[in-house]
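Heads up, the thing below is written out as structure tokens.
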């Protein structure tokens, strides 16, 4: 894994003001290349794209990888309401504005995929294409959690994460022992190396990071509550930009049964399932994921 650490160390780093906060942003690839923005999820940070960045940059793309708000070196607002998904989407639009990017390719995994879906729904004019890794359309997962007992069971941790302070203590004690067990247990034996875990622990230990990361779950709980009771009769929102979904079928938290309903909400959508990959498909099947992304973005 030393190779990926060296690649990340050589990337250009800056703090970009957007939407009232500062995001720590890494960039790589030719300055005049078409931009690809990579959005990480929980509990990762920009390091979660370590296996995609070199391939995309070598293919001629300008790769832009932020630590999202609440994570690693980016700002960490204290209020739960500061992590509403619509605000998180505005962070990315502000980032594009500050970097002078009119339209971009956008890739999201886990929580980064939730933000990416939201950008596509709220600001389709800013995207060329959208690639999603192991997260369904937001309206699909809301319906599944409400109506599907098996998915509710898989999503138990979302409800547990609502408990303030106690969850931070549970996950952070003994040098993030429980957080590490949760991460490793959801992947293959080879998904995360000791070096990877050391990098994650360093990011988790940033002041306010653990609470900031958990606030994403706390904010979506109330966002979904509002959506269900205010908009229950409104049809699911359609995605206008071309979408590629890449999905590891051995995801312990999210059922692949949500893939097809998500594709059906896309005007132009394609799904690729990886039979032996876990939730961490970009790590488990890095070469194939990279090939699919590069082909999709053309």
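In our numbering, the protein residues as written are 1 to 298.
All C-beta atoms, glycine included, are put in the ideal place defined by N, C-alpha and C.
These figures come from a predicted structure and were not determined experimentally.
When the Cα atoms are used, residue 207 and residue 171 turn out to be separated by approximately 15 Å. Between residue 62 and residue 31, the CB-CB gap stays under 8 Å. In terms of Cβ geometry, residue 254 and residue 270 do not form a close pair [threshold 8 Å].
Partner residues in the beta bridge of residue 270, as assigned by DSSP, are 244. Setting aside the 5 residues that flank it on each side, residue 256 is surrounded in the same chain by 247 and 249, each with a C-beta closer than 6 Å to its C-beta; the list follows chain order. Counting C-beta atoms within 10 angstroms of its own C-beta, residue 175 has fewer than 16 neighbours from the protein chains shown and is therefore classed as exposed. Counting every other CB atom within 10 Å of its CB across the protein chains shown gives residue 273 a total below 16, marking it as exposed. Residues 119 of the same chain have their beta carbon placed closer than 6 Å to that of residue 92, with the five preceding and five following residues left out of the count.
Secondary structure of residue 5 (DSSP, three-state): helix. The straight-line gap separating the alpha-carbon atoms of residue 190 and residue 55 is approximately 20 Å. The beta carbons of residue 71 and residue 199 sit about 13 Å from each other, so the pair does not count as a contact at 8 Å. Just measuring C-alpha positions, the residue of 202, 37, 90 and 217 sitting nearest residue 130 is 37. In the DSSP assignment, residue 18 is bridged to 21. Boundaries of the beta strand (DSSP E) harbouring residue 64: 62–66, taken from the DSSP string.
Counting only runs of at least 3 residues, the region 79–157 fully encloses the following beta strand (DSSP E) elements, listed from N- to C-terminal order: 104–109 and 127–133. Counting of Cβ neighbours within 10 angstroms places residue 193 among the exposed residues, the total staying below 16. In the three-state reduction of the DSSP assignment, residue 191 falls in the coil class. DSSP places residue 262 inside the alpha helix (DSSP H), whose first and last residues are 259–263.
When the Cα atoms are used, residue 177 and residue 136 turn out to be separated by approximately 29 Å.
The alpha-carbon of residue 145 is positioned some 14 Å away from that of residue 262.
Annotation for residue 275: 249 place their beta carbon closer than 6 Å to its own, counting only its chain and skipping 5 residues before and after. In this structure, DSSP gives residue 196 a helical state, which the three-state scheme calls helix. Excluding the 5 residues flanking it on each side, residue 162 has same chain C-beta neighbours closer than 8 Å at 217, 218 and 221, in chain order. Rounded to the nearest whole angstrom, the C-alpha separation of residue 148 and residue 58 is 43 Å. Counted as a single uninterrupted DSSP element, the stretch harbouring residue 183 is not any beta strand (DSSP E) but the alpha helix (DSSP H) occupying residues 166–185.
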